[in-house]
Each structure stands twice: as C-alpha cells, then as structure tokens.
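So in UniProt numbering, the last one in the sequence shown is 400, and the numbering has no gaps at all.
In this text, a Cβ means the ideal position worked out from N, Cα and C, and glycines have one as well.
The structure presented is a predicted model; accordingly, all values stated were derived computationally and were not measured.
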Amino acid sequence: MKKKLLNLLNQKKAIIDRMKAADEAKDQAAFDTAQTELTNLDNEITRVKAIVDAEDSVPEPDEALPTNNGGTYANAANHSKNSNECIRAFCACIRAGARNDRQALTENMDIVTRAVRNEGMVEGTPADGGLLVPKDVQTMINEQMRALSPLSDLFTVETVTSNTGSRVRDTSPTTGFTKIAENSNINKDDKPTFANVEYNVQKYALIVPVSNDLLADTDQNLLAYLSRWLGKKAVITENSLLLGLLKTLDGSATAITVADAIKNLKTMKNKNLDPAFIAGMSYITNQDGFNFLDTLTDNDGRPLLQPNVAAGTGYMFAGKPIHVLSNSHLASADTTPIYMGDFKQFGTLFRRAIMSIKSTDVGGNAWGNDTTEVRAITRLDAQKFDDKAAVAGKITVGDA
Numbered sequence: 001m002k003k004k005l006l007n008l009l010n011q012k013k014a015i016i017d018r019m020k021a022a023d024e025a026k027d028q029a030a031f032d033t034a035q036t037e038l039t040n041l042d043n044e045i046t047r048v049k050a051i052v053d054a055e056d057s058v059p060e061p062d063e064a065l066p067t068n069n070g071g072t073y074a075n076a077a078n079h080s081k082n083s084n085e086c087i088r089a090f091c092a093c094i095r096a097g098a099r100n101d102r103q104a105l106t107e108n109m110d111i112v113t114r115a116v117r118n119e120g121m122v123e124g125t126p127a128d129g130g131l132l133v134p135k136d137v138q139t140m141i142n143e144q145m146r147a148l149s150p151l152s153d154l155f156t157v158e159t160v161t162s163n164t165g166s167r168v169r170d171t172s173p174t175t176g177f178t179k180i181a182e183n184s185n186i187n188k189d190d191k192p193t194f195a196n197v198e199y200n201v202q203k204y205a206l207i208v209p210v211s212n213d214l215l216a217d218t219d220q221n222l223l224a225y226l227s228r229w230l231g232k233k234a235v236i237t238e239n240s241l242l243l244g245l246l247k248t249l250d251g252s253a254t255a256i257t258v259a260d261a262i263k264n265l266k267t268m269k270n271k272n273l274d275p276a277f278i279a280g281m282s283y284i285t286n287q288d289g290f291n292f293l294d295t296l297t298d299n300d301g302r303p304l305l306q307p308n309v310a311a312g313t314g315y316m317f318a319g320k321p322i323h324v325l326s327n328s329h330l331a332s333a334d335t336t337p338i339y340m341g342d343f344k345q346f347g348t349l350f351r352r353a354i355m356s357i358k359s360t361d362v363g364g365n366a367w368g369n370d371t372t373e374v375r376a377i378t379r380l381d382a383q384k385f386d387d388k389a390a391v392a393g394k395i396t397v398g399d400a
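Given below as structure tokens:
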C-alpha cells in the first residue's frame, strides 16, 4: 500500500508538470483536463493515505516482545540492527528534506516513525509534518546536555504525553496530636490538604544551519554536529524556564554584604529555609556570585569553597554543592543573585515527549548561503511545587 502511495505521489507531480506546461502554452483545454485528473488523484491519495496510517498503528507480528521502556522488538540482535537502520534513515530524511526528494523522505520517514513508535515514545507523528527524533539520536542530544551541567539536573524532570495536565501535592501538616483528658472528646485535627499544580507545555523552536558539505559527510559527523547544537540550545532554553521559577523568590531575597557575608548566608539557611529542605539543599549562582564566595574564609582562614571530592567535579560551599551559571545567562544587575534550597522539591520541568525536526534548503538564508536549515521543535513547561523549598539572596555588586 505504501508503494501505491508513492506511485500516486509521482503521478501527481507529473500532472502538475502538465498543468504548468499547458499554462505556459495558453492551452486551456489541456489545463482543464489535467486539473480534473489532479482532483480525482487527490481523492485517491487521501483514501490510500488513510489506509497507510491505519496499517502503521498496528504492530507487526515480529514486534510482539516488549522492550524495557514499553516498546517492542523481536530480539536484541534485531533491535541493534533496527537501531542502526533507524539512524541511517533519520540522516537520510534530513538529506531528502534538503533535496525536496519526496520519495526518499517518505520511505525513510516510515522507518523512523515505526522505530519511534516501537520505542513506546509516541503514538503518532507530529502535526506539523516534522520528523520525530528517535531514541538513539535523542540519547546523543541528552549526553551533550549533561556535559553542559544543566539546571535540570537539580530539579525534578517529568516527561508528559499531553500538552496540559495537573499534579497534586500534599501540603505539610503544622500541628501534631492534641492532648486530651480521660473520657474526653477528641476534636478533629487538620485534615490532609492538597494543592493542585497545573502545567501547560509550550512550543519552542530554533533553526540550525547545516552546510551542504556537512550534509554530504558521514552520518556520524552529521549527528555529532546536530546533537551538539541542539543539546546546547536545549540547555539554554530549559535553564531559562527554571531560572524564571527562581526569580519569583527575588522579592524576599536576603541582603548579603562583605562585612556580614557569612552571617547573612547562615541566616538564609538557618532562618529563611525550612529545615526539612536543608539535607538536600544546594546553591545556584552566577560567576560574580561564585567569585564572591571564593573570597570567604572561616575563622581559621580556610576557604569555605572547596572541591567536591565526592562527586569528583565541581565545588562545595559550606559543605553543600554549588552550581555556577554564566553571567550571560544569570546576570547581575544592582545585585548578584544566589539561591539555596532543595530544588527538586521546589520545581518541576515538564517535557512533552520528544523533539521533532524538519529540514529544507529553500527559504530563510538557506538558498543564499548554500546551506540546509534544520528546524527543531520541543515542548516544555516549568512549575513551582513547593515555594518553601528554596530561598534567594542578593549580593551587593560593588562588594562582589
């Protein structure tokens, strides 16, 4: 049936060529005849495409065994073979999109779509006609993201399958048991209360330029380039959303000065942060804030900022991990921001399924620059869960 669909699409292209020729020749009769054929052909394409889509939703017999993540494949050997085939097909789709080769695009997109469905990652294809990123390619992007130490490592991350939804969290009780006398009535205590946290994922997109020389290079080099770019841009986007949550704390930020820096920081932790969140707390600041903390010492002159020996990377301040962002992403204004708390309890990043991409060498700057433009789309949202789980401080810029 898919072969029939490809043949129909080729016939459509031929009819359109006839219409163009008739228009140039001012042959109205020939144009009308071709237009009638095109209308009938479009109806047939619609019917055949509906059948193809229905067939794609039914698993093949050799796809009966489940994978660990909910997908299916016949066995491990076939999975490895199919994985390599999927990567080749994914790269072929990017190249076919750049050449506007509909037949190659349709054939390879079918391979990728089937692989993504088998991985249990989605139920369908993107509405905008893009190409879903298969698991192995998404893994490459995720590895690039982890190498950049994203803020999402500190927050709760949840993958969702719908654009909107809600999560329920219970609020902490404030009172315990009530003392009563013998044979006295027991009053009703405060019942568990729950807060509803709603999410609404939004679409975020970017265009990555790919030189046509790289497009002709190996699959590995093409994917390395794309994963590096997409990973970097994804981290910047997610960091921006999570920083938006943190900045809601700025209104009640504790002032930190050189003269009383250690005292101010202790006040942030001991008085402003709920003790329930101290065990899992860490710090977030920018380069200015990190430089400021690097100047602080204890009463014996020992620096409070120490290498994180347990993690093998990064630093600890007063025994807690510190995450440093670039000044370009977390800027200092009149003051330098610093946040502390258990950020996994504070907020959640919602990711909608997986990324989708589409390529073209027409439009934008692609034609003039002899490049291919790869458009990537992802869907995200970030919401606070417990605003008591983190607090903010502000360091005087002149002191930092």
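message = According to DSSP, simplified to helix, strand and coil, what is lysine 26?
response = On the sequence shown, residue 26 is found 26 positions in, with the first residue counted as 1. The answer is coil: DSSP assigns lysine 26 none of H, G, I, E or B.
request  = Can you grab the Cα-Cα spacing for the pair alanine 76 / alanine 115, in whole Å?
outcome  = For the purposes of this step, residue 76 is taken as residue 76 along the sequence shown, with counting starting at 1. For the purposes of this step, residue 115 is taken as residue 115 along the sequence shown, with counting starting at 1. Residue placement at alanine 76 cannot be trusted, given a pLDDT of 41 that sits under 50; the coordinates are not used to answer.
Rounded C-alpha distance that separates asparagine 84 from glycine 231 = Numbered from 1 along the sequence shown, position 84 holds the residue referred to as residue 84. Numbered from 1 along the sequence shown, position 231 holds the residue referred to as residue 231. Each residue's CA atom was taken as its position, placing asparagine 84 and glycine 231 some 21 angstroms apart.
task = Measure the C-alpha to C-alpha separation of tyrosine 225 and phenylalanine 350 and round it to an integer number of angstroms.
result = Residue mapping note: residue 225 aligns to position 225 of the sequence shown, counting from 1. Residue mapping note: residue 350 aligns to position 350 of the sequence shown, counting from 1. About 26 angstroms.
ask   = In three-state DSSP terms, what is phenylalanine 350?
value = Position 350 of the sequence shown holds residue 350. Assigned with DSSP and collapsed to three states, phenylalanine 350 falls in strand.
Segments assigned alpha helix (DSSP H), at least 4 residues, entirely inside the segment 219-253 = Taken in chain order, the unbroken stretches of alpha helix (DSSP H) that lie wholly in the segment 219-253 and span 4 residues or more are 219-246.
query = How would you label arginine 47, buried or exposed, when you count the other beta carbons within 10 angstroms and need 16 or more for buried?
reply = Counting from 1 along the sequence shown, the entry for residue 47 is found at position 47. Arginine 47 is exposed by the Cβ-count criterion.
task = Note the first and the last residue of the continuous alpha helix (DSSP H) segment covering leucine 293.
result = Numbered from 1 along the sequence shown, position 293 holds the residue referred to as residue 293. It spans 287-293 - the alpha helix (DSSP H) in which leucine 293 sits, taken as one unbroken run.
ask   = Candidates Asn308, Phe90, Ile377: which alpha carbon is nearest threonine 218's?
value = What you label residue 218 is simply residue 218 of the sequence shown in a count that begins at 1. Nearest neighbour of threonine 218 by Cα position, chosen from Asn308, Phe90, Ile377, turns out to be Phe90.
query = Taking buried to mean at least 16 other C-beta atoms within 10 Å of its own C-beta, is isoleucine 284 buried or exposed?
reply = Here residue 284 refers to the residue found at position 284 when the sequence shown is read from its first residue. Buried, since its Cβ has 16 or more Cβ neighbours within 10 Å.
task = Measure from the alpha carbon of serine 332 to the alpha carbon of each residue in Asp110, Thr396, Gln345, Thr297, then state which is nearest.
result = Counting from one through the sequence shown, the residue named residue 332 turns up at place 332. If we check each option's Cα against that of serine 332, Thr396 comes out closest.
inquiry  = What would DSSP say about proline 318, mapped onto helix, strand or coil?
reply    = Numbered from its first residue, the sequence shown carries residue 318 at position 318. Per the sequence shown, the amino acid found at residue 318 is alanine instead of proline. Note: alanine 318 maps to coil in three-state DSSP.
inquiry  = Check this for me: beta carbons of leucine 305 and asparagine 239, under 7 angstroms apart or not?
reply    = Here the question's residue 305 lines up with position 305 in the sequence shown. Here the question's residue 239 lines up with position 239 in the sequence shown. Cβ atoms of leucine 305 and asparagine 239: not closer than 7 angstroms.
ask   = Do we get a CB-CB distance below 7 angstroms when we pair lysine 20 with the residues of chain B?
value = You won't find chain B in this structure, because it holds only one protein chain.
task = In the DSSP assignment, find the unbroken beta strand (DSSP E) run with aspartate 381 in it and report its ends.
result = Stepping through the sequence shown from its first residue, residue 381 is reached at position 381. Per DSSP, the unbroken beta strand (DSSP E) holding aspartate 381 starts and ends at 371-384.
query = Using DSSP with H/G/I as helix, E/B as strand and the rest coil, what is serine 328?
reply = To locate residue 328, count along the sequence shown from 1; it is residue 328. Here serine 328 sits in coil by DSSP.
inquiry  = Counting C-beta neighbours from all protein chains within 10 Å, is the total for isoleucine 87 16 or more, i.e. buried, or is it exposed?
reply    = Counting from one through the sequence shown, the residue named residue 87 turns up at place 87. Under this definition isoleucine 87 is a buried residue.
task = Specify whether the segment 330-348 and the segment 241-255 touch according to this definition: at least 3 beta carbon pairs, one from each stretch, less than 8 angstroms apart.
result = Segments in contact, yes.
message = Tell me the DSSP secondary structure of arginine 169 in three-state form.
response = Residue mapping note: residue 169 aligns to position 169 of the sequence shown, counting from 1. When DSSP states are grouped into helix, strand and coil, arginine 169 belongs to the strand group.
inquiry  = Buried or exposed, going by whether 16 or more other CB atoms sit within 10 Å of the CB of alanine 279?
reply    = Taking the first residue of the sequence shown as 1, we reach residue 279 at position 279. Under this definition alanine 279 is an exposed residue.
Residue from Ser359, Thr248, Gln383, Val160 whose Cα sits closest to the Cα of asparagine 100 = As a working mapping, residue 100 is identified with position 100 in the sequence shown. For asparagine 100, the closest alpha carbon among the candidates Ser359, Thr248, Gln383, Val160 is that of Ser359.
Opening and closing residue of the beta strand (DSSP E) in which lysine 263 lies = Locating residue 263 in the sequence shown gives position 263, counting from the first residue. No beta strand (DSSP E) holds lysine 263; the alpha helix (DSSP H) holding it covers 261-267.
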